[in-house]
Amino acid sequence: MSKTHGKFIWCELMTPDTSAAAKFYSSVVGWTTSEMKVEGMPTYTVFEANGIGVAGLMEFPAELEGQGIPPNWTGYVGVDDVDQMAKDFAANGGAVRRPPQDIPTIGRFAVVADPHGAVICIMTPAPMEQTWPELAPDAPGNIGWRELYAGNGKEALDFYSKRFGWTKDSEMDMGPMGVYYIFAHDGRQTGGMMTKPDNLPMTFWCYYFIVPALDAAIERVTSGGGKVVNGPMEVPGGSWIIQATDPQGAFFCLVAPKR
């Protein structure tokens, strides 16, 4: 496997109101936006931090309307062979929600789900003539953590480790909430997963955006029409987090080194 295989390489919001979402997240996270045009596809908005693209924004697809799918953030994981990985997901209890498809000049992607239904995108990036700069992992505006509320945390760790080459970094016993598994890619902590609480209706991945300080960000969330649904709380290591929904109902999280 290459160094890119199993690496989170992008995060994307599908929403019915891209203009409102662009304004909201630019205020809350501090992102700026630019537009990317790909032949034969709708205009795509890129969220940037310090001029570096970290996430994307697109209109909620018409074909998904009426299926009970809310506006949502989805992560992209790089894989060496997206077609083979899609087959691998399906052959091991998962599903292919959108078959592999080319995005001209960008890469080839598919939408897949794990055996308990959590959705994620996989992509084989197109060969690039140059290496694009990346934000430091702890830089404001970056995606600082990825978290899976799984049907079964232990089974999920095993499933994704076999697909993406992730390794278990550590685990924490959270008492009645069960065990929290921290996983790593290429030796670096990347995210965590746990068995979802009974009160959550479905399994899903969520994404934490880094902000400099949490209390000021909470003010921006609420004044912008969003809602904090959990937190603020301090997590092991000293960071502070909230979980929230944006004005269109998409679930997102923020993490900061201080209140």
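Heads up: the sequence shown begins at 1 in full-length UniProt numbering, then just goes up one per residue.
Cβ coordinates follow ideal geometry from the N, Cα and C atoms, glycine included.
Notebook entry, point to check: Would residue 71 pass as a contact of residue 256 if the rule is Cβ separation under 7 Å?
Noted result: Going by C-beta atoms, residue 71 is not nearer than 7 Å to residue 256.
Checklist line | C-alpha gap between residue 264 and residue 132, whole angstroms | finding: Nothing about residue 264 can be read from this structure; the chain reaches only from 1 to 259.
Margin query: Do residue 32 and residue 22 count as a contact pair if the criterion is CB distance below 7 Å?
Written below: no
Check: For residue 4, does the three-state DSSP call read helix, strand or coil?
Finding: Of the three classes helix, strand and coil, the one that applies to residue 4 here is coil, per DSSP.
Next item on the list: Can you tell me which of the three DSSP states residue 56 falls into?
Entry: strand
Check: From this set, 258, 120, 117, 54, which residue's C-alpha is nearest residue 137's C-alpha?
Finding: 54
Check: Alpha carbon to alpha carbon, what distance is there between residue 202 and residue 215?
Finding: 29 Å
Note to self: Threshold first: 4 residues or longer. Then list the alpha helix (DSSP H) segments lying entirely within the UniProt domain "VOC" (7–125), N to C.
What the structure shows: 18–29, 82–91
Note to self: Less than 7 Å between C-beta atoms, sequence neighbours within five positions excluded: which residues of the same chain meet that for residue 83?
What the structure shows: 100
Notebook entry, point to check: residue 89: which of 102, 120, 66 sits nearest, CA to CA?
Noted result: 120
Next item on the list: Would you decide whether residue 146 is buried or exposed? Buried here means 16 or more other CB atoms lie within 10 Å of its CB.
Entry: buried
Margin query: Please identify the residue among 92, 27, 12, 98 whose C-alpha is closest to the C-alpha of residue 58.
Written below: Comparing Cα positions, the closest option is 12.
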